[in-house]
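Colleague:
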Amino acid sequence: MRIVVQEQPFDLGAEANAFAANRTDMGAIVTFTGVVRDDPEKPLRQMMIEHYPGMTERALEKIATEARARWALGDVLVIHRYGPMRPGEQIMMVATAAPHRKDAFEAAEYLMDYLKSRAPFWKKEQGADGEGWVAAKDADEDALSRW
Amino acid sequence: MIDVLYFAWVRERIGLPREQVETTAATVAELVEELRAREERYALAFSDLTALRVAVDQDLTDFDASLKGAREVAFFPPMTGG
């Protein structure tokens, strides 16, 4: 299990390859990558992500540990960035390894659902017309109830 | 003495990221009442508690939580990770 919280970009290909390397018992590797999305209606200049150093790592470890308890996983990787990012930049990634794909897919979805509303990150969008904090969606909180 | 941290728009409304607070509050809710009584900017930041989340010693909790032995309390809006 590896949890990384960093400001600098990560290399998605290199991380995914390193995560998948040297395994003979894992039949499924799932990766998810979150990307800063531009809105043609309201062009985004920059996304600023704030976090709570210390609690962020604890919260991510707790979520990843819970995923390992619920599914038969060989390994879990979570990388999440903070600081300023431009549209198209990768914000975060999760990777799960499991003997079979169902566990790998479900665990990745679980990690994403919990990471959205239980890891202390806050996004601020900065555009030509000003800036504003991204509001949490009720749907994100509701998504937790299915687990 | 307790460290109080603010994040996102709570930090912006109050105007600082963290401060040390001398308090006898037994719960988070009592600490919020003390802060609200300080100045308008605190009253504004804490005007709607349903819009806020709280962590005591870096664990998410609720406003009824005890502050016994607590070193750090953080206030912030609902999280938007991922």
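These protein sequence lines map, in sequence, to chains R and U. So for the first sequence, the numbering used here puts the first residue at 115; every next one is plus one. So for the second sequence, the numbering used here puts the first residue at 2; every next one is plus one. Just so you know, even glycine gets a beta-carbon here, dropped at the ideal spot from N, CA and C.
Which chain R residues are close to LEU61 (chain U), counting only those with a beta carbon under 9 angstroms from its beta carbon?
Modeller: The residue you call residue 61 (chain U) lines up with position 60 of the second sequence. Those are MET169, ALA173, ARG232 and PRO234, listed as they occur along chain R.
Colleague: Could you give the C-beta distance for ALA233 (chain R) and ILE177 (chain R), rounded to a whole number, given that I count them as a contact under 8 angstroms?
Modeller: Translated into positions along the first sequence, residue 233 (chain R) becomes position 119. Translated into positions along the first sequence, residue 177 (chain R) becomes position 63. Yes, they are in contact, since the Cβ atoms of ALA233 (chain R) and ILE177 (chain R) sit about 7 angstroms apart, within 8 angstroms.
Colleague: Look up GLN160 (chain R) in the DSSP assignment and give the residues it is bridged to.
Modeller: Translated into positions along the first sequence, residue 160 (chain R) becomes position 46. Answer is R:GLN240.
Colleague: If the cut-off is 8 angstroms on Cβ atoms, which residues from the stretch 64 to 82 of chain U count as contacting chain R, listed in chain order?
Modeller: If the cut-off is 8 angstroms between Cβ atoms, the stretch 64 to 82 of chain U has ALA75, PHE77, PRO78, PRO79, MET80, THR81 and GLY82 near chain R.
Colleague: Which chain U residues are close to ALA250 (chain R), counting only those with a beta carbon under 8 angstroms from its beta carbon?
Modeller: Working through the first sequence from its first residue, we reach residue 250 (chain R) at position 136. PRO78, PRO79, MET80 and THR81, listed in chain order.
Colleague: To the nearest angstrom, report how far apart VAL55 (chain U) and PHE235 (chain R) are at their CA atoms.
Modeller: For this step, residue 55 (chain U) is matched to residue 54 along the second sequence. For this step, residue 235 (chain R) is matched to residue 121 along the first sequence. Computed Cα separation, rounded: 13 angstroms.
Colleague: Return the residue from the list R:SER231, R:MET161, R:HIS165 and R:ARG184 that minimises the CA-CA distance to ARG151 (chain R).
Modeller: Position 37 of the first sequence holds residue 151 (chain R). Answer by Cα proximity: R:MET161.
Colleague: Counting only the same chain and skipping the five closest in sequence on each side, list residues whose C-beta sits under 8 angstroms from that of PRO123 (chain R).
Modeller: Residue mapping note: residue 123 (chain R) aligns to position 9 of the first sequence, counting from 1. Contacts found: ARG195, GLU203 and GLN204.
Colleague: DSSP has ASP60 (chain U) in a bridge; who is on the other side?
Modeller: To locate residue 60 (chain U), count along the second sequence from 1; it is residue 59. Answer is U:VAL57, bridged to ASP60 (chain U).
Colleague: Verify whether the separation of the beta carbon atoms of LEU17 (chain U) and THR24 (chain U) is less than 8 angstroms.
Modeller: Walking along the second sequence from the start, residue 17 (chain U) turns up at place 16. Walking along the second sequence from the start, residue 24 (chain U) turns up at place 23. It is not a contact, given that the beta carbons lie outside the stated cut-off.
Colleague: Cutting at 7 angstroms between CB atoms, please list the residues of its own chain near ALA250 (chain R), excluding the five before and the five after it.
Modeller: Numbered from 1 along the first sequence, position 136 holds the residue referred to as residue 250 (chain R). Excluding residues within five positions, the ones whose Cβ falls inside 7 angstroms are SER231.
Colleague: For a test of the three-state rule: what should DSSP assign to VAL11 (chain U), helix, strand or coil?
Modeller: Position 10 of the second sequence, counted from the first residue, corresponds to residue 11 (chain U). VAL11 (chain U) falls in the helix class under three-state DSSP.
Colleague: With a floor of 3 residues, list each beta strand (DSSP E) that falls wholly inside the stretch 125 to 176 of chain R, ordered by position along the chain.
Modeller: 142 to 149 and 158 to 165
Colleague: Which word fits HIS214 (chain R), buried or exposed, when buried means at least 16 other C-beta atoms lie within 10 angstroms of its C-beta?
Modeller: For this step, residue 214 (chain R) is matched to residue 100 along the first sequence. Exposed.
Colleague: If you follow the beta strand (DSSP E) that LEU191 (chain R) is in, where does it begin and where does it stop?
Modeller: Looking up residue 191 (chain R) in the first sequence gives position 77. Residues 189 to 195.
Colleague: Can you have a look at ASP65 (chain U) and say buried or exposed, based on whether 16 or more other CB atoms are within 10 angstroms of its CB?
Modeller: As a working note, residue 65 (chain U) is residue 64 in the second sequence. When all chains shown are included, ASP65 (chain U) counts as exposed.
Colleague: Give, in chain order, every residue of the stretch 2 to 35 of chain U whose Cβ lies closer than 9 angstroms to some Cβ of chain R.
Modeller: LEU6, PHE8, ALA9, TRP10, ARG12 and GLU13
Colleague: Going by alpha carbons, who is nearest to THR179 (chain R) out of R:ALA222, R:GLY197 and R:ARG137?
Modeller: Against the first sequence, residue 179 (chain R) aligns to sequence position 65. The option with the nearest alpha carbon to THR179 (chain R) is R:ALA222.
Colleague: Have a look at MET115 (chain R) and GLU41 (chain U) and give me their C-alpha separation to the nearest angstrom.
Modeller: Reading the first sequence from its first residue, position 1 is the one you call residue 115 (chain R). Reading the second sequence from its first residue, position 40 is the one you call residue 41 (chain U). Each residue's Cα considered, the two are about 46 angstroms apart.
Colleague: With H, G and I counted as helix, E and B as strand and the rest as coil, what does DSSP make of PHE235 (chain R)?
Modeller: What you label residue 235 (chain R) is simply residue 121 of the first sequence in a count that begins at 1. Strand at PHE235 (chain R).
Colleague: Does any C-beta atom of chain R lie closer than 8 angstroms to the C-beta of ALA46 (chain U)?
Modeller: In the second sequence, counting from the first residue as 1, residue 46 (chain U) sits at position 45. By this cut-off, ALA46 (chain U) is not an interface position.
Colleague: Check each candidate in R:MET140, R:MET226 and R:LEU158 and name the one with the smallest Cα separation from VAL208 (chain R).
Modeller: Within the first sequence, the letter at position 94 stands for residue 208 (chain R). For the residues R:MET140, R:MET226 and R:LEU158, the minimum Cα distance to VAL208 (chain R) belongs to R:MET226.
Colleague: With DSSP collapsed to three states, give me the class of LEU50 (chain U).
Modeller: Start at 1 with the first residue of the second sequence, and residue 50 (chain U) comes out as number 49. LEU50 (chain U) falls in the helix class under three-state DSSP.
Colleague: Please name the residues in the stretch 144 to 166 of chain R whose beta-carbon is closer than 7 angstroms to at least one beta-carbon of chain U, in chain order.
Modeller: GLY148, GLU164 and TYR166
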